[in-house]
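See below for the structure under consideration.
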Amino acid sequence: HSCRSGENMALMEVTTIATILSVTMIVALEYYHDFSRVEASGELVTYWGQNSNDTTLAELCQTSVYDMVVISYLDLSAGGSVLLGQYPYLNLDLHCNSSTGGCTSLTTDIAICQSLNVRVLLSISGGGHSNHDDNDEASPHQDGPDYVASYLWNNFLSGESDDPGGRPLGAAILDGIDLDIESGAANSGTLSYYGHLAQFVRQLSVGSAILTASPGCSFPDPNLGPELSGSALESSTFDYVWVRFYDNSL
């Protein structure tokens, strides 16, 4: 089967498209090792953060429409080295400025969502890696996946931050991590990197964090797999996969 990305889709905002399309293709991986973590079908998921016309995060959750909201995006390509105190950039469009600590105000919204049993995840964007050479086998980020996983755990999940600026979303403890890797070098360096990143997050959270992925509809996805040796989706690490039908090259 081939997928088509028409001009009408190209004109739609990413958040709007994800709202419509991601909810139709939530696939609980049948091979996941612990079926007790796989929820019943029919759950609705949306991305939030890339459209300045969005409602607030709290208002979105209060609609009682969604089971999960994915805050987007944390851009790995925009950061240097966590080891050198250069952190990935949390890009939430015009909602807040994470570089000045402005996104800590979302703590209250996240708490409201979670009180309504809406799980809140953070999406990782890895496209356009400034630190990655498409012609080599280097990783998509200056730091290894274990260090990036530790950063995610300590700054967005249940760990303790060592960032002098504090946790970008304040005291909020998110429910999981999503991988939305839309571009980058399709080689074994990229493929193994994101697979290892997900596995390290799983280990740090002792299975408590929800892990999801958003591959493109082209099969296999060049950055996530499956059916590519070493790719993230070759493992049984993820709880949910929702297929992305926008911004796909034919």
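Position 104, counted from 1, in the sequence shown is what our numbering calls 97; the numbers after and before it change by one each time, with no gaps.
Note that the Cβ used here is the ideal one computed from N, Cα and C, for glycine as well.
Exercise. State the DSSP-derived secondary structure class of Arg195, mapped to helix, strand or coil.
Key: helix
Quiz item: With 16 other CB atoms within 10 Å as the buried threshold, where does Gln43 fall?
Solution: buried
Self-check item: Reference Leu37; option with closest CA among Phe212, Leu226, Gln192, Asn110
Solution: Asn110
Quiz item: Could you give the distance in angstroms between the alpha-carbon of Leu69 and the alpha-carbon of Asn46?
Solution: 25 Å
Quiz item: Considering only residues of the same chain and omitting the five flanking positions on each side of Ala51, which have a CB-CB separation below 8 Å?
Solution: Thr101, Asp102, Ile105, Cys106
Quiz item: Based on Cα-Cα distance, which residue from Pro161, Val63, Ser116 lies nearest to Gly95?
Solution: Pro161
Exercise. With Tyr233 as the anchor, note down where its beta strand (DSSP E) starts and where it stops.
Key: 233 to 235
Quiz item: How would you label Glu153, buried or exposed, when you count the other beta carbons within 10 angstroms and need 16 or more for buried?
Solution: exposed
Self-check item: Beta bridge counterpart(s) of Val113 as assigned by DSSP
Solution: Val62
Exercise. Mark Leu87 as exposed unless 16 or more other C-beta atoms lie within 10 angstroms of its C-beta, in which case mark it buried.
Key: exposed
Quiz item: If we count the other Cβ atoms within 10 Å of its Cβ and call it buried at 16 or more, is Gly209 buried or exposed?
Solution: buried
Exercise. Taking Thr230 as part of the beta strand (DSSP E), name the residues at either end of that continuous run.
Key: Element bounds for Thr230: n/a, residue is neither H nor E.
Quiz item: Do you know how far the Cα of Tyr140 is from the Cα of Phe238?
Solution: 31 Å
Quiz prompt | Cα-Cα separation between Asp260 and Gln55, rounded to whole angstroms | solution = The structure shown does not extend to residue 260, since the chain is modelled only from -6 through 243, so no value can be given for it.
Exercise. Go through its chain and collect everything with a Cβ distance to Leu114's Cβ below 8 Å, but skip five positions before and after it.
Key: Met61, Val62, Val63, Ile64, Leu167, Asp168, Gly169, Ile170, Asp171, Ile203, Thr205
Quiz item: Does at least one heavy atom of the ligand SAM sit under 7 Å from the Cβ of Leu190?
Solution: Of ligands this structure carries none, so the ligand SAM is not represented either.
Quiz item: Would you call Gly200 buried or exposed, if buried means 16 or more other Cβ atoms sit within 10 Å of its Cβ?
Solution: exposed
Quiz item: On the three-state DSSP scale, how would you describe Gly163?
Solution: coil
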